[in-house]
């Protein structure tokens, strides 16, 4: 019964009015790419916003012009857990990203004929939420039935309830955290150093030089990849398997299958991902810290969200955003007597699990979205 | 009561006879740096070999000519757990390292006037043990009272009991593993890629070019450092503390204290550590796998060690070489009815704990070495 949303065409929305940013700067004259799936009902009550993480964008479901499947296609479509026969789903590429919205590779209005490069303003989770809110306004959506996201997308889902609580009913935040730990920041920092110290980075203005800091991007991707997977799933998929029958005794050639896999992932990533975007998005992760904004109390941070309803989900083997971090969110919600369901899903896939179609995980989301759709009168 | 061994002078031992290596190659005309502490008794029964890990060498205790304290000075000295009033302690810098023994920066006998660079042969844990055995032979030590090591040093301690079981009585292996996991190899591989893709690496022949691949070394060190520490200790020491009062909103400048710390560690390391050595030592870690050598059975691998006695210790927050990995070793020993004590020490410091002077940890070693010294008749 579950089918694809079919071929989808990305749309673009231009904003002439500057977007004020948390840093004090502003983003002016920008365009956001977005896609929608399903139909907005007459009451405009069935819209669901899907927020993306680092390596994704507005293309959530179906096939795009290039034939690529959306990053959450297993979740979003007719008859799928996020059922587009009942719900109107919106995916928006955040500013600063590199998949169609205005980002570091876009023309800099302050330097005609030049790309932004390193001069693209630093954007935060809160800035993205504000940018998304403007898109929804233009689409005539006063209130979202739900906002959903995993990882960095989960942070955006949470931030919606803190900044625009009246404009969203349900928040579904998966495999996320109320802030990065020191270790999380440390991994981001290593990735950034690998990029910034690549001689092809040119202080972030590589585009003008016709260069791409691919070496740095590859290392960044490898680090990221390790933290997305669990130790268990790595051992199961690759273990200590050699590429050849016996060791070749080489320090530079591939010896183990895991090395081959990482190099392949790294090479693919360096072909399409923008280095300045990598820096911006990891910084947005670093900065997210609603508790700091509320004098150090996460419970106080969630006071504005009293009318929202939450589903928080984590995965047992996710060591990047461990279940304990999700429980911090749950505690802050409970402290405010906010309606929250929490699921800690026993899954072997580490952080990546939020993208996969684990049966229990998808059943959980199916039930929640059936309820949300019924509430929306569809 | 515990005192320092004082100022120590490194010694050098030259070997004209080639060392056959596991790869099939041989290392010829090499010199090993070593230090000794305490006095070999008349029966030559009180010698203890200390094996080093990646970033250490023969300088185990006391102050060297440069005034630097040995890397395990808190453990080794008069009245210390490894009491040099009773035991004769030997530290040897492994071939391939960069602290005084023949390594990639040494002259290549096959290319007069040139350093080895990338042509230094690939060395393994087993090769190191054989090299150490030759040093001990020359020192007139037929049998070690004990061999001890942590991390990669622990692998060497284990390999002693597999290769030369009659030449050692006690094995103390701390914070180690019977082989690297896929994740361990993955972290090594990222570090190696950062080094090898640094344009200053020149295929490993940077020395001839007057270059040093410092960018790659820095990234490698940062990755290593993250895996040495526990998430808890990072949160306690650095947390999300900012360097300034408020965020500056920059993708390239230091914002968080953890970033500042990692950059500082990385800069220090890149000043003195050799890049080819980094590749060699991480490969030695990758290759160590006594179970593979025994048809996949770790229990079968330990059959030669039936007369040895073992102390295996791990630390609760060590996620690099987790307690579960130490328990694999213990199980293989128990399967052979080999005398083994196992301690899983509740310590917050992650893998680094083996270098620190946690009271319970040092009490454990003190008791074991008191017993070893008594057995040795000192």
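Residue numbers (this note's numbering), protein chains in the order written: chain F, 34 to 411; chain B, 34 to 411. Backbone N, C-alpha and C fix where the C-beta goes; we use that ideal spot for every residue, glycine too.
A direct Cα-Cα distance of roughly 26 Å separates residue 297 of chain F from residue 186 of chain F. For the region 255 to 271 of chain B, residues whose beta-carbon sits nearer than 7 Å to a beta-carbon of chain F comprise 255, 256, 259, 264, 267, 268 and 271. Between residue 362 of chain F and chain B, the shortest Cβ-Cβ separation is not below 9 Å.
Spanning the alpha carbons of residue 243 of chain B and residue 61 of chain F requires a straight line of approximately 48 Å. Sequence-distant partners of residue 188 of chain B (beyond 5 residues in either direction) whose C-beta falls short of 7 Å from its own C-beta, in its chain, are 158, 209 and 321. Residue 221 of chain F and residue 402 of chain B have their C-alpha atoms spaced approximately 43 Å apart. Against residue 298 of chain B, chain F offers no close residue; the least beta-carbon distance is about 11 Å (beta-carbon pairs closer than 8 Å). Note on residue 347 of chain B: 16 or more other CB atoms within 10 angstroms of its CB, so buried under the neighbour-count rule.
Boundaries of the beta strand (DSSP E) harbouring residue 343 of chain B: 342 to 348, taken from the DSSP string. Three or more beta-carbon pairs separated by less than 8 Å are not found between the region 168 to 175 of chain F and the region 311 to 327 of chain F, which leaves the two stretches without contact.
Inter-segment contact for the region 219 to 235 of chain B and the region 365 to 373 of chain B is absent: fewer than three beta-carbon pairs are separated by less than 8 Å.
The beta carbon of residue 295 of chain F lies closer than 7 Å to those of 255 and 258 in the same chain, with the five residues before and after it left out. With the criterion set as a beta carbon lying under 7 Å from some beta carbon of chain F, the members of the region 153 to 165 of chain B are 155, in sequence order. In the three-state reduction of the DSSP assignment, residue 315 of chain F falls in the helix class, which pools H, G and I.
Using a Cβ-Cβ distance cut-off of 8 Å, the region 93 to 111 of chain B and the region 137 to 152 of chain B are not in contact, since fewer than three pairs of beta carbons, one from each stretch, lie closer than that value. Using a Cβ-Cβ cut-off of 9 Å, residue 86 of chain F does not count as an interface residue toward chain B, since no Cβ of chain B sits closer than that to its own.
Taking the Cβ atoms as the reference, residue 123 of chain B lies roughly 16 Å from residue 76 of chain B, outside the contact range of under 8 Å. Nearest to residue 409 of chain F by C-alpha distance, out of F:397, F:119 and F:102, is F:119. Distance from the CA of residue 324 of chain F to the CA of residue 332 of chain F, rounded to the nearest whole angstrom, comes to 8 Å. Boundaries of the beta strand (DSSP E) around residue 372 of chain B: 372 to 378.
The three-state secondary structure of residue 117 of chain B, taken from DSSP, is coil. A distance of 9 Å or more separates the beta carbons of residue 149 of chain F and residue 134 of chain F.
Distance from the Cα of residue 180 of chain B is smallest, within the candidate group B:117, B:160, B:201 and B:41, for B:201. Among the residues of chain B, none has a CB under 7 Å from the CB of residue 245 of chain F; the nearest is roughly 13 Å distant. Proximity of chain F to residue 216 of chain B at the Cβ level (cut-off 9 Å) is accounted for by 259, 262, 263, 264, 267, 268 and 291, in chain order. For the region 272 to 287 of chain B, the set of residues with a beta-carbon nearer than 8 Å to any beta-carbon of chain F comprises 272, 273, 280, 282, 283, 284 and 285, in chain order.
Comparing C-alpha distances from residue 160 of chain B to each of B:204, B:67, B:205 and B:52 shows the shortest one belongs to B:52. Between the C-alpha atoms of residue 379 of chain B and residue 386 of chain B there is a straight-line separation of about 10 Å. With at least 16 other beta carbons inside 10 angstroms of its own, residue 299 of chain F counts as buried.
When F:327, F:177 and F:116 are compared, the shortest CA-CA separation from residue 396 of chain F is found for F:116. Contact of residue 242 of chain B with chain F is not assigned, every C-beta pair being separated by 9 Å or more. Cβ contact annotation for residue 338 of chain B (same chain, cutoff 8 Å, sequence separation greater than five): 194, 195, 198, 204, 366, 369 and 371, in chain order. Counting only runs that start and end inside the region 67 to 116 of chain B, the beta strand (DSSP E) elements of at least 3 residues fall at 80 to 84. Look at residue 203 of chain F here: in three-state DSSP terms it is strand.
Counting only Cβ-Cβ distances below 8 Å, residue 220 of chain F has contacts in chain B at 259, in chain order. A straight-line Cα-Cα distance of about 48 Å links residue 327 of chain B and residue 316 of chain F.
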